[in-house]
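Trainee:
Chains as they are written, first to last, in full-length UniProt numbering: chain A, 1 to 191; chain B, 1 to 208.
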């Protein structure tokens with residue numbers, strides 16, 4: 001993996017009539033991680049959605065950071081499908097089905113493979129979403145409050161997965177409240 | 001990638017509890033009309049193609065609230081967009097899957113409907129051909145309307161209002177399939193609808 005660094009220049013984001021932030025510039029190099037901090041509604045999720053290509057910036061540019069794995073608040077798991085069928089579908093779109101078993105083991109969801117997603121708890125869905133990000137083998141991970149709803153053991157597993165990802169040259173941008181187990185992150189405060 | 005998307009949409013349709021709804025609805029309409037029109041076999045045979053076309057149009061509309069809205073709500077569209085997968089491709093896959101899911105069972109049920117409405121064989125075959133040409137456009141219009149109304153309360157009713165005027169050319173050429181050149185016009189109208197629909201649906205799905 002030889003990813004380009006993520007370079008953000010003079011980014012501004014307006015939602016409705018409200019200006020969330022402007023003149024935002026930062027760089028995330030290979031192996032680095034960035035904490036997005038700030039109160040609710042300060043624009044952390046919007047910034048992540050901008051980086052994921054889901055919103056268009058009001059002004060400014062985003063360079064690099066592609067492909068990316070995105071963990072949002074919604075789980076994107078269909079209630080009637082089994083977890084394995086769901087994760088396999090996304091891995092197929094990413095062309096990384098070979099990486100899926102390792103990713104499922106990393107977030108400890110392999111035992112849930114045959115369970116329809118409607119029977120999963122919110123923490124289990126969160127872990128499945130993280131397994132999807134890991135399996136994508138994307139150099140940039142965009143995580144929106146990745147530890148929300150996770151138990152202590154899963155939080156530790158996530159920390160280990162993020163460390164492995166960074167050691168391999170991967171980049172992480174995460175919206176957080178408090179610590180999520182990233183070693184030595186950059187910090188960006190919004191709002 | 002297109003095939004992966006279609007396969008996934010078909011898997012979701014196959015697991016949906018509403019899988020048989022469109023075709024059941026279609027047969028129900030065909031069965032009820034003879035009772036409503038009364039015992040005039042000539043009249044019934046004359047209006048049968050029109051009845052069946054209206055039934056097909058409404059059958060295409062039945063699942064409109066589940067075509068796009070769930071993907072918007074549960075973050076599936078976000079995951080697709082984050083992978084830079086073109087929404088046009090997603091919409092085209094959805095149209096194909098919706099067509100396979102509603103029109104093929106409907107064509108299979110056509111003989112039953114033909115018997116119930118007392119249609120003769122020549123009319124039946126012509127109608128089958130016309131439905132084969134016209135139903136892809138109905139599927140495309142349903143997906144466009146679903147994309148436009150996704151996330152709105154009561155989107156299904158609004159989707160109906162959006163589709164009905166747009167479906168008129170298909171309906172007119174489809175019902176008049178016996179007239180010279182009508183099938184060609186039907187095919188042309190269907191092709192234009194199919195060609196434009198993925199772009200229209202994608203523009204609606206990209207709303208921020």
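The beta carbon of each residue, even a glycine, is placed where N, CA and C say it ideally should be.
1. Check this for me: beta carbons of residue 9 of chain A and residue 60 of chain A, under 8 Å apart or not?
2. Since residue 69 of chain A and residue 138 of chain A are thought to touch, with beta carbons under 8 Å apart, how far apart are those beta carbons, to the nearest angstrom?
3. Just curious, the beta strand (DSSP E) that residue 101 of chain B is in, first and last residue?
4. Shortest alpha-carbon distance to residue 149 of chain B belongs to which of B:118, B:125 and B:203?
5. Got a sec: which bits of the stretch 65 to 80 of chain A sit with their beta carbon under 9 Å from any beta carbon on chain B, in order along the chain?
6. Can you list, in chain order, the residues of the stretch 63 to 95 of chain B whose Cβ is nearer than 9 Å to any Cβ on chain A?
7. Taking all protein chains shown into account, decide if residue 2 of chain B is buried (16 or more other Cβ within 10 angstroms of its Cβ) or exposed.
8. Along the stretch 12 to 25 of chain B, where does the CB come closer than 8 Å to a CB of chain A? Name the residues.
9. If you draw a straight line from the alpha carbon of residue 95 of chain A to that of residue 190 of chain A, how long is it in whole angstroms?
10. Counting only beta-carbon atoms, is residue 205 of chain B nearer than 8 Å to chain A?
11. In chain B, which residues lie with their C-beta within 8 Å of the C-beta of residue 52 of chain A?
12. For residue 1 of chain B, decide whether its Cβ has a neighbour in chain A, counting only Cβ atoms nearer than 8 Å.
13. Apart from the five residues on each side of it in sequence, which residues of its chain come closer than 6 Å, Cβ to Cβ, to residue 49 of chain B?
14. Using the three-state DSSP reduction, which class does residue 171 of chain A fall into: helix, strand or coil?
15. Would you mind telling me which residues of chain A sit closer than 9 Å to residue 46 of chain B, beta carbon to beta carbon, in chain order?
16. Just to confirm, is the Cβ distance from residue 104 of chain A to residue 131 of chain A under 8 Å?
17. If you follow the beta strand (DSSP E) that residue 34 of chain A is part of, which residue opens it and which one closes it?
18. Using 10 angstroms around the beta-carbon of residue 114 of chain A, count the other beta-carbons present and answer buried if the total reaches 16, otherwise exposed.
19. Quick one: any contact between the stretch 50 to 65 of chain A and the stretch 119 to 127 of chain A, if contact means 3 or more CB pairs under 8 Å?
20. Just mark residue 170 of chain A as buried or exposed, buried being the case when its beta carbon has 16 or more other beta carbons within 10 Å.
21. For a minimum of 3 consecutive residues, which ranges assigned as the beta strand (DSSP E) are wholly contained in the stretch 89 to 167 of chain A?
22. Looking only at C-alpha atoms, which of A:66, A:75 and A:57 sits nearest to residue 5 of chain A?
23. Hey, how far is the Cα of residue 59 of chain B from the Cα of residue 106 of chain B?
24. Roughly how many whole angstroms lie between the Cα atoms of residue 101 of chain B and residue 89 of chain B?
25. Check whether the Cβ of residue 9 of chain A lies closer than 7 Å to any heavy atom of the ligand GDP, and answer yes or no.
26. Suppose you measure from the CA of residue 116 of chain B to the CA of residue 47 of chain B; what does that come to, to the nearest Å?
27. Which residues mark the beginning and the end of the beta strand (DSSP E) in which residue 15 of chain A is found?
28. Can the beta-carbon of residue 26 of chain A be found less than 8 Å from the beta-carbon of residue 43 of chain A?
29. Which same chain residues, not among the five before or five after residue 166 of chain B, have their C-beta less than 6 Å away from its C-beta?
30. Give the residues from the stretch 87 to 100 of chain A that approach chain B closer than 8 Å (Cβ to any Cβ), ordered along the chain.
31. Just to confirm before moving on: does the CB-CB distance between residue 190 of chain B and residue 104 of chain B stay below 8 Å?
32. Can you pull the DSSP bridge partners for residue 82 of chain A?
33. Pop quiz: residue 85 of chain B and residue 93 of chain A are said to be a contact at Cβ under 8 Å. What is the actual Cβ separation, rounded to whole angstroms?
34. Can you tell me where the beta strand (DSSP E) with residue 22 of chain A in it begins and where it stops?
35. Where residue 57 of chain A and residue 32 of chain B are concerned, what is the direct C-alpha to C-alpha distance, given to the nearest angstrom?
36. In this structure, does DSSP put residue 67 of chain B in helix, strand or coil?
Mentor: To lay it out plainly:
1. Working through the first chain from its first residue, we reach residue 9 of chain A at position 9. Working through the first chain from its first residue, we reach residue 60 of chain A at position 60. Cβ atoms of residue 9 of chain A and residue 60 of chain A: closer than 8 Å.
2. One-based indexing of the first chain puts residue 69 of chain A at position 69. One-based indexing of the first chain puts residue 138 of chain A at position 138. That belief holds up - the Cβ atoms of residue 69 of chain A and residue 138 of chain A are roughly 4 Å apart, short of 8 Å.
3. Translated into the one-based positions of the second chain, residue 101 of chain B becomes position 101. That residue, residue 101 of chain B, is in no beta strand (DSSP E); its alpha helix (DSSP H) goes 87 to 116.
4. Locating residue 149 of chain B in the second chain gives position 149, where the first residue counts as 1. For residue 149 of chain B, the nearest C-alpha among the options comes from B:203.
5. 66, 67, 68, 69, 70, 72, 73, 74, 75, 76, 77, 78, 79 and 80
6. 70, 71, 73, 74, 75, 76, 77, 78, 79, 80, 81, 82, 83, 84 and 85
7. In the second chain, the residue the question calls residue 2 of chain B occupies position 2. When all chains shown are included, residue 2 of chain B counts as exposed.
8. 12, 15 and 16
9. For the purposes of this step, residue 95 of chain A is taken as residue 95 along the first chain, with counting starting at 1. For the purposes of this step, residue 190 of chain A is taken as residue 190 along the first chain, with counting starting at 1. When rounded, the distance between both Cα atoms is 35 Å.
10. For the purposes of this step, residue 205 of chain B is taken as the residue at position 205 of the second chain. Chain A contact via Cβ: absent.
11. Taking the first residue of the first chain as position 1, residue 52 of chain A is located at position 52. Here the neighbours are 78, 81 and 82.
12. Taking the second chain and counting its residues from 1, one reaches residue 1 of chain B at position 1. By this cut-off, residue 1 of chain B is an interface position.
13. Looking up residue 49 of chain B in the second chain gives position 49. Only 127 and 175 meet the Cβ criterion.
14. To locate residue 171 of chain A, count along the first chain from 1; it is residue 171. Residue 171 of chain A falls in the strand class under three-state DSSP.
15. To locate residue 46 of chain B, count along the second chain from 1; it is residue 46. Correct list: empty, because the minimum Cβ distance to chain A is about 44 Å.
16. Along the first chain, read from residue 1 onward, the residue named residue 104 of chain A stands at position 104. Along the first chain, read from residue 1 onward, the residue named residue 131 of chain A stands at position 131. Their beta carbons are under 8 Å apart, which means residue 104 of chain A touches residue 131 of chain A by this criterion.
17. What you label residue 34 of chain A is simply residue 34 of the first chain in a count that begins at 1. 33 to 37 is the extent of the beta strand (DSSP E) around residue 34 of chain A.
18. Position 114 of the first chain holds residue 114 of chain A. Classification of residue 114 of chain A: exposed, given that the 10 Å Cβ count is below 16.
19. no
20. By one-based count along the first chain, residue 170 of chain A stands at place 170. Looking at its Cβ environment, which holds 16 or more other Cβ atoms inside 10 Å, residue 170 of chain A is buried.
21. 140 to 144
22. As a working mapping, residue 5 of chain A is identified with position 5 in the first chain. Among A:66, A:75 and A:57, the Cα nearest to that of residue 5 of chain A belongs to A:66.
23. Walking along the second chain from the start, residue 59 of chain B turns up at place 59. Walking along the second chain from the start, residue 106 of chain B turns up at place 106. Approximately 9 Å, taken between the alpha carbons.
24. If you number the second chain from 1, residue 101 of chain B lands on position 101. If you number the second chain from 1, residue 89 of chain B lands on position 89. Taking the straight line joining both Cα atoms gives about 18 Å.
25. Looking for the ligand GDP in the displayed structure turns up nothing, as the structure carries no ligands at all.
26. One-based indexing of the second chain puts residue 116 of chain B at position 116. One-based indexing of the second chain puts residue 47 of chain B at position 47. Cα-Cα distance, rounded: 13 Å.
27. Position 15 of the first chain holds residue 15 of chain A. It spans 6 to 15 - the beta strand (DSSP E) in which residue 15 of chain A sits, taken as one unbroken run.
28. Translated into positions along the first chain, residue 26 of chain A becomes position 26. Translated into positions along the first chain, residue 43 of chain A becomes position 43. Cβ distance not < 8 Å, so residue 26 of chain A and residue 43 of chain A don't count as in contact.
29. The residue labelled residue 166 of chain B in the question sits at position 166 within the second chain. Around residue 166 of chain B: 141.
30. 89, 90, 92, 93 and 94
31. In the second chain, residue 190 of chain B corresponds to position 190, counting from 1. In the second chain, residue 104 of chain B corresponds to position 104, counting from 1. Not closer than 8 Å, so no.
32. Along the first chain, one-based indexing puts residue 82 of chain A at 82. Residue 82 of chain A is bridged to A:116.
33. Numbered from 1 along the second chain, position 85 holds the residue referred to as residue 85 of chain B. Numbered from 1 along the first chain, position 93 holds the residue referred to as residue 93 of chain A. At roughly 7 Å, the Cβ-Cβ gap stays under 8 Å, so residue 85 of chain B and residue 93 of chain A are in contact.
34. Here residue 22 of chain A corresponds to residue number 22 of the first chain, with the count starting at 1. From DSSP, the beta strand (DSSP E) with residue 22 of chain A extends over 18 to 28.
35. Here the question's residue 57 of chain A lines up with position 57 in the first chain. Here the question's residue 32 of chain B lines up with position 32 in the second chain. Going by the C-alpha atoms only, they are around 55 Å apart.
36. Numbered from its first residue, the second chain carries residue 67 of chain B at position 67. Three-state DSSP puts residue 67 of chain B in coil, outside helix and strand.
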